[in-house]
Amino acid sequence: MNYEHAVVKFEDGKSTLLCNGCGATIAEGTQHEDREHYCIMCMSGNCKAKFKDGS
Numbered sequence: 010m011n012y013e014h015a016v017v018k019f020e021d022g023k024s025t026l027l028c029n030g031c032g033a034t035i036a037e038g039t040q041h042e043d044r045e046h047y048c049i050m051c052m053s054g055n056c057k058a059k060f061k062d063g064s
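Following the numbering used here from start to finish, the sequence shown increments by one per residue and tops out at 64.
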C-alpha cells in the first residue's frame, strides 16, 4: 500500500508506522491509517529528536 500522509517503513515483509515529526516507532503491523501520526513527545512539544529522511 502506498501512504501519502503516514510515514511507514517496510522491511522483511513487516511495516512499521513512524512518527511524522521525529521518526520514532509508533506501531508495527500490516496496515496503518493513512494520516499523519505523532508520538507523545511530539504532541507535547517536548521532542528533541529530528526526523531523518531515509532512515
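Ideal Cβ placement from N, Cα and C applies to all residues, glycine included.
Keep in mind the model is a prediction, meaning the values are calculated, not measured.
| query | result |
| --- | --- |
| Nearest residue (CA-CA) to methionine 50, options Asn11, Lys18, Asn29 and Thr25 | Asn29 |
| Close beta carbons around cysteine 48, own chain, < 8 Å, minus the five adjacent residues each side | Cys28, Gly30, Cys31, Ala33, Ile35 and Cys56 |
| Proximal residues to glutamate 42 (C-beta, below 8 Å), its chain only, five neighbours per side dropped | Ala15 |
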